[in-house]
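> Per full-length UniProt numbering, the first sequence runs over residues 1 to 137. We put the CB at the ideal spot given by N, CA and C, even for glycine. Owing to the predicted nature of the structure, the values given are computational and were not obtained by experimental measurement.
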Amino acid sequence: MAYWLYKSEPDVWSWQQQVEAGEAGTHWNGVRNHVAKQNLMAMKIGERGFFYHSNKGKEIVGIVEVIREYYPDHTDASGKFGMVDVKAVSPLPRPVTLDAIKAEPRLAQMILVNNSRLSVQPVTEEEWRVVLEMGGA
DNA sequence: GCCAACGTTGGC
DNA sequence: GCCAACGTTGGC
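Structural data, given as structure tokens:
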């Protein structure tokens, strides 16, 4: 069971909107990066990931779950990229900020810290546990 | 196939 | 709003 992290600018797509989408969830479209695509392709139904607000907030605010595996992204004219569907599972009682992540030695290897531009990232099991703990979950 | 130029992302 | 880091494009 793998863990993931999804980044979104709250002005474009926020955690609140994800929550309002409810059980039906939404497609995570718009990925146009091949490394991020590889991550999307590796996702299995039921796998969970963090929802991170980039630019504004800069914090992990909630947990989402994959409800549909990789399929073509109809918004991609080139036909090269795809997407998965995710739904909101629960918020983190206390959002975990980028500053807090950087200050935590056990999270020093997180891709979020080392390659901030990758929009869909894998998270290790330990990183997952540490962030949950910091978030009060 | 290399690499310079350009565009985009995202932290600051 | 700036700019560093990264990806992509396109000329050679």
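Given a threshold of 16 other Cβ atoms within 10 Å of its Cβ, counted over all protein chains shown, does residue 7 qualify as buried or as exposed?
The residue you call residue 7 lines up with position 7 of the first sequence. That one is buried.
> Find out if the Cβ-Cβ distance for the pair residue 92, residue 101 is shorter than 7 Å.
In the first sequence, counting from the first residue as 1, residue 92 sits at position 92. In the first sequence, counting from the first residue as 1, residue 101 sits at position 101. No; because the gap between Cβ atoms is not below 7 Å, this pair is not in contact.
> Identify, in the order they occur along the chain, each residue of the same chain with its Cβ nearer than 6 Å to the Cβ of residue 83, setting aside the five sequence neighbours on each side.
Numbered from its first residue, the first sequence carries residue 83 at position 83. Hits under 6 Å: 27, 28, 29, 73.
> Do residue 90 and residue 60 come within 7 Å of each other at the CB atom, strictly closer than that value?
Counting from one through the first sequence, the residue named residue 60 turns up at place 60. Counting from one through the first sequence, the residue named residue 90 turns up at place 90. No, the Cβ-Cβ distance between residue 60 and residue 90 is not below 7 Å.
> Could you tell me how far apart the beta carbons of residue 69 and residue 43 are, in whole angstroms, since I believe they sit closer than 8 Å?
On the first sequence, position 69 is the one that residue 69 refers to. On the first sequence, position 43 is the one that residue 43 refers to. Their Cβ separation, rounded to whole angstroms, is 6 Å, which keeps residue 69 and residue 43 in contact under 8 Å.
> If you run the structure through DSSP and keep just helix, strand and coil, what is residue 45?
For the purposes of this step, residue 45 is taken as residue 45 along the first sequence, with counting starting at 1. The answer is coil: DSSP assigns residue 45 none of H, G, I, E or B.
> Considering only the beta carbon of each residue, do residue 25 and residue 120 sit closer than 7 Å?
Counting from 1 along the first sequence, the entry for residue 25 is found at position 25. Counting from 1 along the first sequence, the entry for residue 120 is found at position 120. Annotated as distal: residue 25 and residue 120, with beta-carbon spacing of 7 Å or more.
> Buried or exposed, going by whether 16 or more other CB atoms sit within 10 Å of the CB of residue 39?
Taking the first sequence and counting its residues from 1, one reaches residue 39 at position 39. Residue 39 comes out buried.
> Can you tell me where the beta strand (DSSP E) holding residue 85 begins and where it ends?
One-based indexing of the first sequence puts residue 85 at position 85. Where residue 85 is concerned, the enclosing beta strand (DSSP E) stretches over 82-97.
> Quick one: what does DSSP say residue 74 is sitting in, helix, strand or coil?
Residue numbering aside, residue 74 sits at position 74 when the first sequence is read from its first letter. Of the three classes helix, strand and coil, the one that applies to residue 74 here is coil, per DSSP.
> Among the candidates 136, 130, 125, whose CA atom is the shortest distance from the CA of residue 139?
Residue 139 is absent from the model: the chain starts at 1 and stops at 137.
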